[in-house]
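Only one structure is covered here, and it is reproduced in the block below.
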Amino acid sequence: MIGYTLRRLSLLVLVGVGVSTFLFVLAHLSGDPAALQAPPDATPEMLAATRERLGLNEPLVTQYLQSLLANFTLDFGDSFSFQQPAGTLVGQAIGPSLWIVLPGMVLGVLIAFTIGTVAALRPSRLSGRVLMVGAFIAGGIPYFWMALLLVLLFAVKLQVLPATGSAGLSSLVIPVAVLTVYTVSTTSRLVRGQLLDSFTEGYVLTARSKGLSARRVLFQHATPGALPPLLAWLGVQFSFVFSALLILEPLLGYNGLGALLIRSVTNQDFPLVQASVFCMAMLITLVNVGMDVIVRLIDPRLRAKAAA
Numbered sequence: 145m146i147g148y149t150l151r152r153l154s155l156l157v158l159v160g161v162g163v164s165t166f167l168f169v170l171a172h173l174s175g176d177p178a179a180l181q182a183p184p185d186a187t188p189e190m191l192a193a194t195r196e197r198l199g200l201n202e203p204l205v206t207q208y209l210q211s212l213l214a215n216f217t218l219d220f221g222d223s224f225s226f227q228q229p230a231g232t233l234v235g236q237a238i239g240p241s242l243w244i245v246l247p248g249m250v251l252g253v254l255i256a257f258t259i260g261t262v263a264a265l266r267p268s269r270l271s272g273r274v275l276m277v278g279a280f281i282a283g284g285i286p287y288f289w290m291a292l293l294l295v296l297l298f299a300v301k302l303q304v305l306p307a308t309g310s311a312g313l314s315s316l317v318i319p320v321a322v323l324t325v326y327t328v329s330t331t332s333r334l335v336r337g338q339l340l341d342s343f344t345e346g347y348v349l350t351a352r353s354k355g356l357s358a359r360r361v362l363f364q365h366a367t368p369g370a371l372p373p374l375l376a377w378l379g380v381q382f383s384f385v386f387s388a389l390l391i392l393e394p395l396l397g398y399n400g401l402g403a404l405l406i407r408s409v410t411n412q413d414f415p416l417v418q419a420s421v422f423c424m425a426m427l428i429t430l431v432n433v434g435m436d437v438i439v440r441l442i443d444p445r446l447r448a449k450a451a452a
């Protein structure tokens with residue numbers, strides 16, 4: 145298990161190298177990298193100083209290796225817009241983003257598991273079909289459109305929640321609600337499908353033949369068998385939810401990592417773009433690696449297959 149964990153963690157290095165290479169190539173294809181790293185109104189002397197600081201007079205291979213080292217040590221340089229280290233700004237923005245991502249996913253998974261379980265236990269009944277149709281319809285509504293509808297209802301009409309901003313707990317309600325519905329719509333159908341598959345497995349049929357109660361069959365036999373693919377899916381879902389922040393946060397005026405990245409692109413603040421993209425990619429990869437390790441820990445079939 146330790147070897148598997150180390151192999152999965154090595155994926156972080158590969159992703160870091162890949163993202164760093166992409167950013168390095170992008171900087172050079174966009175023209176003079178010094179012009180990207182220097183403020184827009186930089187003088188020729190400032191450009192020359194920036195070129196010297198970045199080592200752009202060095203061979204290209206040396207520049208690439210220096211860029212890799214800078215990214216992995218989180219030394220992205222100072223932001224043009226804020227005149228502060230870009231890595232520090234990204235670190236400060238990740239927290240507010242997690243304040244809406246984690247509650248949204250936790251609530252979404254709990255509701256999705258409840259809906260999916262009821263729908264799986266009643267696949268042919270009207271209640272089960274209604275729940276799945278509701279999840280399907282919710283999944284068809286774009287999350288940014290849902291956010292606008294919630295703002296119109298609760299901020300404009302009822303005036304019980306702020307329309308924009310990130311101050312206070314009340315500002316979390318609409319973005320958390322949007323991410324919750326987004327998670328419910330995609331995850332509940334998967335829960336239903338995995339449980340229906342588990343119901344046909346031999347160990348579940350054996351448990352039923354022994355006369356165990358429906359509750360014991362569900363929670364002690366069917367649900368554990370359905371958990372590994374669901375946990376693997378949650379890693380992917382985290383990627384989707386985090387990428388949704390690129391639109392949701394600017395739309396709601398919420399100061400998180402998504403809004404920071406969009407603002408840095410608009411301001412042509414390349415150090416901040418570099419820091420935001422690199423840290424976002426590493427965070428998403430870390431969560432997916434963690435989910436893979438958890439799945440391996442709880443699924444004896446995968447451990448037995450690896451040991452064979």
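The sequence shown begins at 145 in my numbering and counts up one residue at a time.
Just so you know, even glycine gets a beta-carbon here, dropped at the ideal spot from N, CA and C.
Could you tell me which of the options sits nearest to residue i, measuring between CA atoms?
{"i": "HIS439", "options": "THR410, TRP377, PHE384 and SER383", "result": "Note that residue 439 is Val in the sequence shown here, rather than His. Measuring from the Cα of VAL439, the nearest candidate turns out to be TRP377."}
{"i": "SER164", "options": "PRO203, ALA214, LEU200 and ARG151", "result": "ALA214"}
{"i": "SER420", "options": "ASN432, ASP443 and LEU390", "result": "LEU390"}
{"i": "VAL256", "options": "GLN236, ALA370, GLN381 and THR331", "result": "With the sequence shown as reference, residue 256 is identified as Ala, and Val is not the correct amino acid for it. With distances taken between Cα atoms, ALA256 lies closest to THR331."}
{"i": "TYR398", "options": "VAL245, ARG151, ASP413 and SER225", "result": "VAL245"}
{"i": "VAL325", "options": "PHE288, SER353, LEU302 and LEU204", "result": "PHE288"}
{"i": "LEU204", "options": "LEU316, PHE168, ILE406 and THR194", "result": "PHE168"}
{"i": "ASP222", "options": "ILE318, LEU316 and SER408", "result": "SER408"}
{"i": "ASN411", "options": "GLN227, GLY147 and TYR208", "result": "GLN227"}
{"i": "LEU209", "options": "ALA178, LEU305 and VAL161", "result": "VAL161"}
{"i": "GLY235", "options": "ASP436, LEU427 and MET435", "result": "LEU427"}
{"i": "SER387", "options": "LEU404, TYR148 and GLY284", "result": "LEU404"}
{"i": "GLY346", "options": "VAL328, ARG333, GLY369 and LEU334", "result": "GLY369"}
{"i": "THR367", "options": "VAL417, VAL262 and GLY309", "result": "VAL262"}
{"i": "LEU251", "options": "LEU233, VAL320 and LEU316", "result": "VAL320"}
{"i": "SER225", "options": "CYS423, ALA425 and PRO415", "result": "PRO415"}
{"i": "LEU275", "options": "VAL328, PRO229 and GLU189", "result": "VAL328"}
What distance in whole Å lies between the Cβ atoms of residue j and residue i, which are believed to be in contact at a cut-off of 8 Å?
{"i": "LEU430", "j": "LEU156", "result": "6 Å"}
{"i": "ARG336", "j": "GLY260", "result": "4 Å"}
{"i": "PRO241", "j": "LEU401", "result": "With the sequence shown as reference, residue 241 is identified as Ser, and Pro is not the correct amino acid for it. Their Cβ separation, rounded to whole angstroms, is 4 Å, which keeps SER241 and LEU401 in contact under 8 Å."}
{"i": "PRO295", "j": "ALA307", "result": "It should be noted that the sequence gives Val, not Pro, for residue 295. The pair is a contact, with the Cβ atoms about 5 Å apart (cut-off 8 Å)."}
{"i": "ARG195", "j": "ASP436", "result": "Actually they do not touch by this definition, with Cβ atoms about 42 Å apart."}
Within 10 angstroms of the Cβ of residue i, are there 16 or more other Cβ atoms? Answer buried if so, exposed if not.
{"i": "ILE281", "result": "exposed"}
{"i": "GLU393", "result": "buried"}
{"i": "VAL277", "result": "exposed"}
{"i": "GLY379", "result": "buried"}
{"i": "VAL385", "result": "buried"}
{"i": "ASP219", "result": "exposed"}
{"i": "LEU313", "result": "exposed"}
{"i": "PHE166", "result": "exposed"}
{"i": "GLN303", "result": "exposed"}
{"i": "PRO267", "result": "exposed"}
{"i": "ASP185", "result": "exposed"}
{"i": "LEU173", "result": "exposed"}
{"i": "VAL300", "result": "exposed"}
{"i": "ILE146", "result": "exposed"}
{"i": "ILE318", "result": "buried"}
Report the start-end ranges of each alpha helix (DSSP H) in the segment 262 to 340 that is 4 residues or longer and not cut off at the edges. 270 to 284 and 287 to 294
For the segment 362 to 369 against the segment 335 to 353, are there 3 or more C-beta pairs whose distance is under 8 Å? yes
Start-end ranges of the alpha helix (DSSP H) lying completely within the segment 337 to 368, minimum 4 residues: 346 to 353
Whole beta strand (DSSP E) elements within the segment 201 to 252, 3-residue minimum: Note on the segment 201 to 252: there is no whole beta strand (DSSP E) run with a minimum of 3 residues.
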